[in-house]
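To start, the structure under review is shown below, and the notes come after it.
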Amino acid sequence: MQMRLNLRVLRRDKWLYLMLAPGLLYFIIFKYLPMFGIVIAFQDYVPYVGIAGSKWVGFKHFDRFFHEPVFWVLMRNTLLLGLYQIVFYFPFPIMLALLLNEVRQALFRKFIQTVIYIPHFISWVVVVGISYMLLNAQDGIIMGLLHQAGWQPQDALGSPGWFRPLLTLQVIWKESGFGTIIFLAALAGVDPQLYEAAKMDGANRWQQVLHVSLPALRSTIVILLVFRLGTFLDTGFEQIFLMVNALNRSVGDVFDTYVYERGLTQGQFSYTAAVGLFKSVISLILVLLANRTAKAFGEEGVY
Amino acid sequence: MIKSIRTRGAAGWFDWINGLFLILFSLATLVPFLFVISSSFVTTKELVEKGLVIFPSKITLAAYQYLFSTRLIPVSLLVTVFITVVGTLINMAFTILMAYPLSRRTLIGRDRIMQLVVFSILFSGGMIPTFFVVEWLGLLDTYGAYWLPGAISAFNMILLKNFFQQLPAGLEESATIDGCNDMQILTRIVLPLSMPAIATFSLFYALGHWNAYFNAIMYITDAGKWPIQVWLRQIVILSSGGLGESDFLTVVPPQTVQYAVITLSVAPLLIVYPFIQKHFSQGMLLGSVKG
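Encoded structure:
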């Protein structure tokens with residue numbers, strides 16, 4: 140009986156299943172097939188003979204990776220880049236949103252918003268390209284100006300010391316504006332009476348920002364922070380890939396750039412598949428932990 | 242969009258300082274663009290002498306004349322437009338066709354499929370296995386490598402599904418009674434009601450294609466199929482200061498030419514941006530209702 144009912148429902152929804160087919164096929168081929176392809180991390184994969192013919196080697200590649208000095212270099216670079224962004228970038232959109240929220244002239248506010256969203260839509264190639272034009276040692280304008288001012292700065296694009304500050308600055312420039320949207324939405328929901336009450340208690344504008352607006356953002360801040368920690372290993376691959384060069388590789392290399400370099404350009408497929416799998420597994424654990432933490436804070440969680 | 246105009250009063254020192262700070266931040270956003278664009282219209286001589294040019298004393302199109310005499314950049318711009326238009330159409334067709342059935346609560350297997358989709362956001366096979374799948378499908382060095390590996394953004398698909406779910410269910414019921422099948426409901430009733438959402442997602446997908454460079458680096462060795470962003474990387478980043486390992490350009494192009502390439506790649510966006518920006522900020526808050 141149940142079976143017959145299901146069949147009837149399936150027939151009723153035949154158009155819906157037909158529509159689903161291309162999407163399902165997409166996820167199976169481009170998302171799930173690569174997951175099965177991970178088996179090459181446990182082989183000495185030779186493309187010519189394929190998965191069936193390649194030799195199984197167990198955890199050999201993982202063993203090698205964990206014992207290479209580069210493992211700790213990649214770990215340190217990833218963690219430090221993530222840390223820089225949380226400490227220096229993360230507060231920026233919050234601050235901007237709090238200030239924008241205080242603007243009373245709707246037109247002025249709209250104008251500022253429109254302008255500061257722009258860089259979000261610009262490609263990383265352009266952002267890094269402009270950085271190169273401004274900062275390169277031969278004819279970069281900023282370097283030239285510093286020279287005229289009597290400084291003898293290092294080559295910013297090639298020195299390891301500049302790498303992390305420079306990347307963080309680029310992220311601040313590119314994403315701070317667009318990042319305000321979610322905080323502004325939260326601020327729009329604040330009951331205006333709260334500000335009136337604060338004013339009655341003698342709070343000036345700055346105190347209203349600190350004691351009414353900022354607390355209203357708390358749950359948004361917590362959940363965004365938690366998920367930022369959850370995606371800690373994905374510190375902007377596109378950007379890093381463009382900024383890394385022979386001179387700053389020691390601080391710039393992260394898991395993804397290493398996989399690309401060793402895997403696709405040098406052909407160490409099984410080894411880099413193992414490195415990639417390590418990264419994917421850690422990422423998965425971090426996101427699940429983040430989700431659980433968000434729920435513990437009384438938030439809805441995302442997954 | 243967001244109303245928060247509180248009690249009005251005379252602008253005090255707080256408003257002035259706040260306004261000043263926001264203006265400075267907007268300037269920091271805009272000045273790099275102004276600088277790049279004006280430097281592309283300057284003579285090489287003036288650029289070398291002054292270093293920083295915001296208002297050129299003499300406007301010249303020499304850099305653009307050079308770029309368009311090479312064939313390389315015009316072809317690449319056409320290729321990028323082609324990738325963007327076809328890619329966005331593929332994205333939208335795949336995304337809509339998957340989102341709509343999943344928005345129907347009575348669909349058998351809906352939860353299973355959603356789990357499959359969400360898990361693909363949380364965990365991935367990684368760069369190397371994905372590369373082999375693309376190779377196995379014979380997509381290397383074809384435009385398919387730009388379009389198919391990212392045909393659906395799971396995230397966008399879920400947002401669109403949530404958007405469809407918010408539409409009143411009564412419409413679908415009455416259309417069914419009138420004898421419409423599900424495909425007709427989608428094309429005649431649901432889509433016309435969803436145009437703002439469709440516009441927003443199309444724009445995000447289109448922008449993604451216009452700005453993409455990594456698929457080309459991974460999958461495409463035929464330089465004739467390279468989009469503008471890849472050439473931009475070659476001409477501006479890899480040739481700059483001799484840091485890179487460029488094997489395509491033996492001569493460092495003049496700075497004005499480098500500025501001109503950057504300008505060409507951002508110009509389309511900057512021109513349409515004022516007209517479409519409201520779709521982008523709407524999109525961020527779209528479909529945030531869970532279901």
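Just so you know, the protein sequences line up as chains A and B, in that order.
Start counting the first sequence at 140; every next residue gets the next number (the working numbering).
Start counting the second sequence at 242; every next residue gets the next number (the working numbering).
Heads up, the beta-carbon is just placed ideally off N, CA and C, and yes, glycines get one too.
Residue interval of the alpha helix (DSSP H) (run including residue i)
i	result
tryptophan 290 (chain A)	Unbroken run through tryptophan 290 (chain A): none, as it is neither H nor E.
alanine 395 (chain B)	395-407
asparagine 430 (chain A)	408-435
aspartate 395 (chain A)	394-398
alanine 327 (chain A)	299-327
arginine 388 (chain A)	388-391
glycine 176 (chain A)	172-176
proline 331 (chain A)	331-339
arginine 248 (chain A)	245-256
glutamate 287 (chain B)	285-291
aspartate 152 (chain A)	No alpha helix (DSSP H) contains aspartate 152 (chain A), which DSSP labels as neither H nor E.
histidine 450 (chain B)	436-452
tryptophan 472 (chain B)	469-473
glutamate 377 (chain A)	376-382
proline 370 (chain B)	368-377
glutamine 356 (chain B)	351-363
proline 208 (chain A)	208-223
DSSP beta-bridge partners of residue i
i	result
glutamine 182 (chain A)	A:Trp195
Under 9 Å by beta carbon: chain B residues contacting residue i
i	result
lysine 194 (chain A)	Result: empty, since nearest Cβ-Cβ is about 17 Å, beyond 9 Å.
phenylalanine 166 (chain A)	Met339, Ile354, Leu357, Val358, Ser361, Ile393 and Ala395
Exposed unless 16 or more other CB atoms sit within 10 angstroms - verdict on residue i
i	result
aspartate 488 (chain B)	A caution first: aspartate 488 (chain B) carries a pLDDT of 43, below 50, which makes its placement in the model unreliable, though a value can still be read off. That one is exposed.
aspartate 352 (chain B)	exposed
threonine 325 (chain B)	buried
asparagine 343 (chain A)	exposed
glutamine 475 (chain B)	buried
leucine 484 (chain B)	In this predicted model, leucine 484 (chain B) has a pLDDT of only 40, less than 50, meaning its place in the structure is not dependable; the value taken from the coordinates is given anyway. So leucine 484 (chain B) ends up on the buried side.
proline 232 (chain A)	buried
valine 513 (chain B)	exposed
arginine 303 (chain A)	buried
isoleucine 369 (chain B)	buried
leucine 159 (chain A)	buried
asparagine 397 (chain B)	buried
tryptophan 467 (chain B)	buried
phenylalanine 282 (chain B)	buried
valine 420 (chain A)	exposed
leucine 239 (chain A)	buried
isoleucine 321 (chain A)	buried
tryptophan 472 (chain B)	buried
Under 8 Å by beta carbon: chain A residues contacting residue i
i	result
methionine 368 (chain B)	Asp395, Val398, Tyr399, Gly402, Leu403, Thr411 and Gly415
serine 506 (chain B)	Ser262, Val264 and Val265
threonine 371 (chain B)	Phe169, Pro173 and Gly176
threonine 270 (chain B)	Val254, Ile255, Ile257, Pro258, Trp312 and Gly316
tyrosine 500 (chain B)	Met272
asparagine 259 (chain B)	Leu238, Glu241 and Val242
Contacts of residue i in chain B (Cβ-Cβ under 8 Å)
i	result
arginine 322 (chain A)	Before going further, note that residue 322 (chain A) is phenylalanine rather than arginine in the sequence given. Correct list: empty, because the minimum Cβ distance to chain B is about 11 Å.
asparagine 145 (chain A)	Ile349
valine 426 (chain A)	Leu363
glutamate 377 (chain A)	Tyr454 and Phe455
Interface partners of residue i on chain B, CB under 7 Å
i	result
phenylalanine 229 (chain A)	By Cβ distance, chain B contributes nothing, its closest Cβ being about 17 Å from phenylalanine 229 (chain A), past 7 Å.
glutamate 314 (chain A)	Simply none; closest approach about 11 Å.
tryptophan 154 (chain A)	Asn422, Asp423 and Met424
proline 161 (chain A)	Phe335 and Leu338
serine 419 (chain A)	Phe364, Ser365 and Gly367
Proximal chain A residues relative to residue i, where beta-carbon distance stays under 9 Å
i	result
arginine 474 (chain B)	Val264, Val267, Gly268 and Leu381
aspartate 382 (chain B)	Correct list: empty, because the minimum Cβ distance to chain A is about 14 Å.
Chain-ordered neighbours of residue i on chain A, where CB pairs are closer than 7 Å
i	result
arginine 345 (chain B)	Leu155
proline 390 (chain B)	Phe169
Looking at C-beta atoms only, is the number of pairs between the stretch 279-296 of chain A and the stretch 223-239 of chain A that lie closer than 8 Å three or more? Contact fails: fewer than three Cβ-Cβ distances are below 8 Å.
Does the structure place the stretch 350-367 of chain B close enough to the stretch 446-454 of chain B that three or more beta carbon pairs sit under 8 Å? Per the Cβ contact rule, the stretch 446-454 of chain B is not in contact with the stretch 350-367 of chain B (fewer than 3 Cβ pairs under 8 Å).
Would you call the stretch 288-299 of chain B in contact with the stretch 270-289 of chain A, where contact means no fewer than 3 C-beta pairs closer than 8 Å? Contact between the stretch 288-299 of chain B and the stretch 270-289 of chain A is present: 3 or more CB-CB pairs across the two stretches fall below 8 Å.
Measuring CB atoms only, is the stretch 378-394 of chain B touching the stretch 414-428 of chain B, in the sense that at least three cross pairs come out at less than 8 Å? Judged by Cβ distances under 8 Å, the stretch 378-394 of chain B makes no contact with the stretch 414-428 of chain B, as fewer than three pairs qualify.
When you compare the stretch 460-480 of chain B with the stretch 375-382 of chain B, are there three or more beta-carbon pairs, one atom per stretch, that lie closer than 8 Å? Flag = yes, the stretch 460-480 of chain B and the stretch 375-382 of chain B touch.
Does the count of Cβ pairs from the stretch 364-378 of chain A and the stretch 326-336 of chain A closer than 8 Å reach three? No: fewer than three Cβ pairs fall under 8 Å.
If we count Cβ pairs, one from each stretch, closer than 8 Å, do we get three or more for the stretch 267-280 of chain A versus the stretch 348-362 of chain A? Remark: fewer than three beta-carbon pairs, one from each stretch, lie closer than 8 Å, so the stretch 267-280 of chain A and the stretch 348-362 of chain A are not flagged as touching.
When the Cβ atoms of the stretch 394-410 of chain A are set against those of the stretch 259-266 of chain B, are three or more pairs found closer than 8 Å? Judged by Cβ distances under 8 Å, the stretch 394-410 of chain A makes no contact with the stretch 259-266 of chain B, as fewer than three pairs qualify.
Can you find at least 3 beta carbon pairs, one from the stretch 277-288 of chain B and one from the stretch 297-313 of chain B, that sit closer than 8 Å? Yes: the two stretches touch, three or more of their Cβ pairs being nearer than 8 Å.
Three or more C-beta pairs closer than 8 Å, one from the stretch 341-352 of chain B and one from the stretch 373-384 of chain A: is that the case here? Contact between the stretch 341-352 of chain B and the stretch 373-384 of chain A is absent, with fewer than three C-beta pairs closer than 8 Å.
Touching or not, the stretch 504-511 of chain B and the stretch 274-283 of chain A, by the rule of three or more beta carbon pairs under 8 Å? Segment contact: the stretch 504-511 of chain B against the stretch 274-283 of chain A, fewer than three CB-CB distances shorter than 8 Å; contact not assigned.
Evaluate the contact criterion for the stretch 189-199 of chain A versus the stretch 418-430 of chain A: three or more CB pairs, one atom per stretch, below 8 Å. Judged by pairs of C-beta atoms under 8 Å, the stretch 189-199 of chain A does not touch the stretch 418-430 of chain A, as fewer than three such pairs exist.
Check whether the stretch 334-341 of chain B touches the stretch 397-407 of chain B, taking contact to mean three or more Cβ pairs, one atom from each stretch, closer than 8 Å. Yes: the two stretches touch, three or more of their Cβ pairs being nearer than 8 Å.
Quick check: the stretch 401-413 of chain A against the stretch 315-334 of chain A, are there 3 or more CB pairs under 8 Å? No, they do not touch.
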